[in-house]
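Trainee: Attaching a single structure in structure tokens format; questions to follow.
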Amino acid sequence: MIKTLQELLNDKIAIGIIGKTHGLDGELKLHPFTNVPEIIESLTEVVLYNEKNKVFLLAKIVDMRLGNGVYLIKIQGIENIENAKKLSGSKVYIDKSELPPIDKNEYYFYEILDSQVFDEKGNYLGKVDEILQTGSNDVLVINKNAENEILIPVIKDYIITIDKTNKTIVVKIPEWLD
């Protein structure tokens, strides 16, 4: 039975992207999408998907080390630079069930991206298109239309509720937006 892209990636989450090769022996640079090193450092089997080439690969990571802010990985069966180059640009997916458990008041980005956002009065503000990491706190980028972008800091003063199950967020409008 042939599976669709959606079926193959069902219950999977992209946690990084394969960059350029490193050296001549098939090592690759892995640029993580997460700031939780345990997710990357515990990788053993992953699904690689190259959107440009429409190629899937179930890959076994046999070696990993950190170098200059990126992870250098070795994939079983990739022994030279020519084969490694074919994987460049592939997104790295794992099963969502492999993510470490988090506290009730924490979230993974994928859980709140595309959430519908409302103010305290129930007015629809838009959906979460992006989450910016500023160092001190995350910032929700909310878009209702192309010309109307709202930035809401993810701090207790402005976030009333985050319902990950129903993908809805209720916020207090910051005073600078009133």
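Quick note on numbering: the working numbering labels position 31 of the sequence shown as 20, and the sequence is numbered without any gaps. All residues carry an ideal CB built from backbone N, CA and C; glycine is no exception.
1) Which residue from Val159, Asn134 and Asn137 puts its Cα closest to that of valine 143?
2) So what does valine 130 bridge to, in DSSP terms?
3) What separation, rounded to the nearest whole angstrom, lies between the Cα atoms of glutamine 65 and tyrosine 147?
4) Inspect the CB distances between the stretch 12 to 29 and the stretch 54 to 70 and report whether three or more fall short of 8 Å.
5) Just reading off the alpha helix (DSSP H) that tyrosine 99 is part of, what are its end residues?
6) Between which two residues does the beta strand (DSSP E) harbouring glutamine 105 extend?
7) Tell me, please, which residues DSSP counts as bridged to aspartate 52.
8) Hey, would you say histidine 11 sits closer than 8 Å to leucine 61, going by beta carbons?
Mentor: Reading it off the structure:
1) Of the listed residues, the one whose Cα sits closest to valine 143 is Val159.
2) BP columns for valine 130 point to Glu119 and Leu140.
3) The straight-line gap from Cα to Cα measures roughly 47 Å.
4) Verdict: yes, contact present.
5) Start and end: 98 to 101.
6) It spans 105 to 108 - the beta strand (DSSP E) in which glutamine 105 sits, taken as one unbroken run.
7) DSSP lists Lys63 as partners of aspartate 52.
8) At a Cβ-Cβ threshold of 8 Å, histidine 11 and leucine 61 count as neighbours.
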